[in-house]
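S.K.: Here you go, one structure.
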Amino acid sequence: DTGVSQNPRHKITKRGQNVTFRCDPISEHNRLYWYRQTLGQGPEFLTYFQNEAQLEKSRLLSDRFSAERPKGSFSTLEIQRTEQGDSAMYLCASSLALTSGYNEQFFGPGTRLTVL
Amino acid sequence: AQSVTQLDSHVSVSEGTPVLLRCNYSSSYSPSLFWYVQHPNKGLQLLLKYTSAATLVKGINGFEAEFKKSETSFHLTKPSAHMSDAAEYFCVVSLAGNNRKLIWGLGTSLAVNP
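Chains Y and C are the protein sequences, given in the same order.
Quick note: the numbering used here has the first sequence finishing at residue 116, numbered continuously throughout.
Quick note: the numbering used here has the second sequence finishing at residue 1114, numbered continuously throughout.
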């Protein structure tokens, strides 16, 4: 399968613990995005990378959240000191950075986080 | 500011009957508009996109959408529903030239009854 993959698919943690999620984009895609989706809502943009550079961060991304893409390939999203409000589906997407036209974002299956 | 309103949170149709999922948008710029589908336990998939070319856009699985600037609408249609169409559908807008940032509607859950 050459699509976007995310691990783990499900994570249950206790409040206050740190968690880390991984996203492997489609191999030739140089853009990578993180979104958060809560029940009954559409995805909300968190951040995106072009290659290894983090170019934009939403104000939703508090200080407890950090994302990296060290070699411009896979990315990790870490949440420190988790809170119950962090419970959500975390989605990763990737795309090519084209100079014109729409850069279709391809989504992974998501990581569902439950904070107890 | 850009925004998207999906007028129905839930739509139920019988198999073989037409599907209409409604979407209105607000944008200060020439928007790009999309419909994504999300099946349970699967990733979001692009159904179709409007990017200032033809106003009637054909997508995958027999879906179509028509961009109507005067009505600021981008409704999704399909002539005949199939059981496999049952899913969550999202209408999405992005700034023209800024396809990095997608603004999502709240979604419409489509149920298809036998």
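For every residue, glycine included, the Cβ atom is placed at its ideal position computed from N, Cα and C.
Take V1092 (chain C) and list the residues in its own chain whose beta-carbon comes closer than 8 angstroms to its own, dropping the five residues that flank it on each side.
M.R.: Excluding residues within five positions, the ones whose Cβ falls inside 8 angstroms are V1004, L1033, F1034, W1035, Y1036, L1102, I1103, W1104 and G1105.
S.K.: Looking at the C-beta of E104 (chain Y), does it have a partner C-beta in chain C at a distance below 8 angstroms?
M.R.: True, the Cβ-Cβ gap to chain C drops below 8 angstroms.
S.K.: Does the separation of the CB atoms of P1040 (chain C) and M1083 (chain C) fall below 8 angstroms?
M.R.: Cβ distance not < 8 angstroms, so P1040 (chain C) and M1083 (chain C) don't count as in contact.
S.K.: Can you find a heavy atom of the ligand NAP that lies under 7 angstroms from the Cβ of L60 (chain Y)?
M.R.: The model depicted lacks the ligand NAP and carries no ligand whatsoever.
S.K.: For A1111 (chain C), which beta-bridge partners are listed by DSSP?
M.R.: Answer is C:S1012.
S.K.: Based on DSSP bridge pairs, tell me the residues matched to M89 (chain Y).
M.R.: The partner list for M89 (chain Y) (beta bridge, DSSP) reads Y:Q37 and Y:R112.
S.K.: Quick one: is W1104 (chain C) near chain Y, going by C-beta distance under 8 angstroms?
M.R.: Output row for W1104 (chain C): interface = yes.
S.K.: Give the residues of chain Y in contact with K1058 (chain C), contact being defined as C-beta atoms less than 7 angstroms apart.
M.R.: The contacting residues do not exist; K1058 (chain C) stays about 15 angstroms from chain Y at best.
S.K.: What would DSSP say about D24 (chain Y), mapped onto helix, strand or coil?
M.R.: In this structure, D24 (chain Y) counts as strand in the three-state DSSP scheme.
S.K.: Taking the straight line between their C-alpha atoms, what separation do you get for T82 (chain Y) and K71 (chain Y)?
M.R.: Cα to Cα, T82 (chain Y) sits roughly 26 angstroms from K71 (chain Y).
S.K.: Report yes if the C-beta distance between T1055 (chain C) and E1064 (chain C) is below 8 angstroms; otherwise report no.
M.R.: In this structure, E1064 (chain C) does not lie closer than 8 angstroms to T1055 (chain C) by Cβ.
S.K.: Round the Cβ separation of Q54 (chain Y) and L91 (chain Y) to the nearest angstrom and send it over; I've been treating them as touching at under 8 angstroms.
M.R.: Not really, about 17 angstroms apart at Cβ, beyond 8 angstroms.
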